[in-house]
Amino acid sequence: MSWGTELWDQFDNLEKHTQWGIDVLEKYIKFVKERTEIELSYAKQLRNLSKKYQPKKNSKEEEEYRYTSTRAFLATLNEMNDYAGQHEVISENMTSLIIGELTRYVQELKQERKSHFHDGRKAQQHIETCWKQLEASKRRFERDCKEADRAQQYFEKMDADINVTKADVEKARQQAQLRHQMAEDSKAEYSSTLQKFNSEQHDHYYTHIPNIFQKIQEMEERRIVRIGESMKTFADVDRQVIPIIGKCLDEITKAAESVDHKNDSQMVIEAFKSGFEPPGDVDFEDFTQPMKRTVSESSLSNSRGDGKYEPKFGGKSKGKLWPFIKKNKLMSLLTSPHQPPPPPPASASPSAVPNGPQSPKQQKEPLSHRFNEFMTSKPKIHCFRSLKRGGAGPEDFSNLPPEQRRKKLQQKVDELNKDIQKEMDQRDALTKMKDVYIKNPQMGDAASVDHRLSELEQNIEKLRLEVQKFEGWLAEVEGRLPSRTEQARRQSGLYEAQNTSAVNSCAQDRESPDGSYTEEQSQETEMKVPATDFDDEFDDEEPLPTIGTCKALYTFEGQNEGTISVAEGEMLYVIEEDKGDGWTRIRRNEDEEGYVPTSYVEVYLDKNAKGAMTYI
């Protein structure tokens, strides 16, 4: 089966067919190119999608990814990023293996096709020239034969005519012989041309054209094979990335299987557990005696008898629903018991009695009167700033619920231990360097590292002291956390009592931050809301402005929550004057502020003070 023998007379159709084949190849190249663009666009969209849902650094979203479900989602995002990379690989491979190769091949194919059909046209032109020569020789032979025949007839006519001279007859005979000779020559030339044409025609149809058409056929077959190989490569490029895509999908499946609902539930407990015990039952209050209303220690007005804890419950039932009712945040502040400040020391050394005897308890004011005072005293809202977390929070995290405080302290201990290990590694490295310098003085001066070693030793000692301090707080918190098996300790309220003074100091009639208040147990302590509950409501509070200065007349050691220690003769800023309870609120710097007994300081109020003063 050869185009040269079967299609010897289809030169024009073969030319059209081969051009169509090249058009098909170019169309396929365009198809693959558009496919690569789709792959790139798809990969870009996948990457953008993955990036869109990635957690932002140093944001609250990062904390959400500690749960197994969110970690699985993060793994899915990462795998989708790798999945997008495989589509980019598909695009790159198709561009290099198919588009690039076929584009070069099309150019070569066009040149080869042009050469073959140029040879075919040249052969056709040659055979047409030979045919024209044959036709010309044939016509010349025919003409000479006719001329010779007419000359012979004319000679015979002249020879038969008796009136013609002999000279005319001889002339006619010579003319006839000349014509016959020319006819013979034309015949010979025609015969030679005919033989030559037949030979050329045979070569043309049986040699030249078959060879040219055979080359065209081979060229076309190579084109067909090449486009088939390209289609196979098209599939192989996809098939090569299927294992990697499969691994991506397997990793997504593995991440999905790692989701543990029990673990996530436990992490929610660890994240939000406060350590408080649920409130107990509320006792019945007998209102049948209109003039002798009995208010138990669990009611909104708290009394401190002999300082012993009695789990009695009074007041309305709403007072025991403090985890769910924000109103009780306010009520716990309104019912702070009055605690007088210690009197100024009478001895020569005022610091000998920092916290003197407590004065008798004052009579409680009606709840409605205290509520009105609280609502009309705007500056008192600023005292919630001391309950905020962050840089202004206490170093021992006492503003947090017990469980959260324990976690923070444990985290701080771990961080300090890591810092100690880093310092020790540096110390060991410098010690080795010093030993090398001692053995090889030419490498360096051993004394040059002594200063740095001394600094490292000091840093390690400081860090160890910090660790001991935080471990002490941690042990204290762990000792205060209520046991789940001891129901008798459900209302121990150690943490609440420790922080009662910090909360009560914010009320209109502030409780003394000093004294033995933290040892007393009452139902009110169970109504205290953790300091973190106020964060959302008072995050934007500005610090209280200074209203004057004061000078410490005596040394006061503030040992309880809400107080601040001062030395005799120390100058401080006044941010809240005495409201009649015997306490004045002062500030040393941006992070240190608290209450001191008014009798311990001499206050100089600045009536024109606006805004906070510059700290020295």
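Using this note's numbering, read the sequence shown as starting at 32 and increasing by one per residue. Even for Gly, the Cβ is constructed at its ideal location relative to N, Cα and C. These figures come from a predicted structure and were not determined experimentally.
In terms of DSSP beta bridges, what is residue i paired with?
{"i": "residue 587", "result": "597"}
{"i": "residue 614", "result": "628"}
{"i": "residue 581", "result": "603, 634"}
Which residues in the same chain have their Cβ closer than 7 Å to the Cβ of residue i, if we skip the five residues on either side of it in sequence?
{"i": "residue 286", "result": "103, 106, 107"}
{"i": "residue 587", "result": "385, 596, 597, 627, 628, 631"}
{"i": "residue 73", "result": "118"}
{"i": "residue 34", "result": "45, 244, 245, 247, 248"}
{"i": "residue 315", "result": "none"}
{"i": "residue 602", "result": "580, 582"}
{"i": "residue 292", "result": "none"}
{"i": "residue 440", "result": "428, 501, 504, 505, 508"}
{"i": "residue 195", "result": "189"}
{"i": "residue 516", "result": "Any reading at residue 516 is ruled out, since the residue's pLDDT is 35, under 50, leaving its predicted position unreliable."}
{"i": "residue 289", "result": "99, 103"}
{"i": "residue 97", "result": "298"}
{"i": "residue 578", "result": "605, 606, 608, 636, 637, 640"}
{"i": "residue 239", "result": "154"}
From which residue to which residue does the alpha helix (DSSP H) around residue i run?
{"i": "residue 604", "result": "Segment 602-607 is the beta strand (DSSP E) holding residue 604; no alpha helix (DSSP H) there."}
{"i": "residue 163", "result": "131-191"}
{"i": "residue 428", "result": "Element bounds for residue 428: n/a, residue is neither H nor E."}
{"i": "residue 316", "result": "Unbroken run through residue 316: none, as it is neither H nor E."}
{"i": "residue 77", "result": "42-83"}
{"i": "residue 298", "result": "292-303"}
{"i": "residue 655", "result": "Outside the displayed span of the chain (32 to 647) sits residue 655, for which this structure offers no information."}
{"i": "residue 256", "result": "240-288"}
{"i": "residue 36", "result": "34-37"}
{"i": "residue 102", "result": "99-125"}
For residue i versus residue j, is the C-beta distance shorter than 8 Å?
{"i": "residue 436", "j": "residue 461", "result": "no"}
{"i": "residue 246", "j": "residue 147", "result": "yes"}
{"i": "residue 63", "j": "residue 125", "result": "yes"}
{"i": "residue 584", "j": "residue 608", "result": "no"}
{"i": "residue 60", "j": "residue 134", "result": "yes"}
{"i": "residue 186", "j": "residue 217", "result": "no"}
{"i": "residue 207", "j": "residue 182", "result": "yes"}
{"i": "residue 71", "j": "residue 122", "result": "yes"}
{"i": "residue 228", "j": "residue 161", "result": "yes"}
{"i": "residue 179", "j": "residue 214", "result": "yes"}
{"i": "residue 129", "j": "residue 261", "result": "yes"}
{"i": "residue 32", "j": "residue 80", "result": "no"}
{"i": "residue 113", "j": "residue 279", "result": "yes"}
{"i": "residue 94", "j": "residue 305", "result": "no"}
{"i": "residue 241", "j": "residue 67", "result": "no"}
{"i": "residue 137", "j": "residue 57", "result": "yes"}
Counting only the same chain and skipping the five closest in sequence on each side, list residues whose C-beta sits under 6 Å from that of residue i.
{"i": "residue 624", "result": "618"}
{"i": "residue 392", "result": "With a pLDDT of 37 at residue 392, under the threshold of 50, the modelled position of that residue is not reliable, and the figure given next carries that caveat. Cβ within range, chain order: n/a, list empty."}
{"i": "residue 115", "result": "74, 77, 78"}
{"i": "residue 382", "result": "At residue 382 the pLDDT is 39, less than 50, meaning the model places this residue with poor confidence and gives no usable figure here."}
{"i": "residue 275", "result": "117"}
Taking 8 Å as the limit between beta carbons, can you name the residues of its chain near residue i, skipping five residues before and five after?
{"i": "residue 498", "result": "444, 447, 448, 451"}
{"i": "residue 225", "result": "165, 168, 169"}
{"i": "residue 157", "result": "231, 235"}
{"i": "residue 491", "result": "451, 454, 455, 458"}
{"i": "residue 48", "result": "251"}
{"i": "residue 474", "result": "467, 468"}
{"i": "residue 518", "result": "In this predicted model, residue 518 has a pLDDT of only 35, less than 50, meaning its place in the structure is not dependable enough to derive any value."}
At a cut-off of 7 Å, is residue i close to the ligand ZN when judged by its beta-carbon and the heavy atoms of the ligand?
{"i": "residue 145", "result": "Annotation note on the ligand ZN: not contained in the displayed structure, which lists no ligands."}
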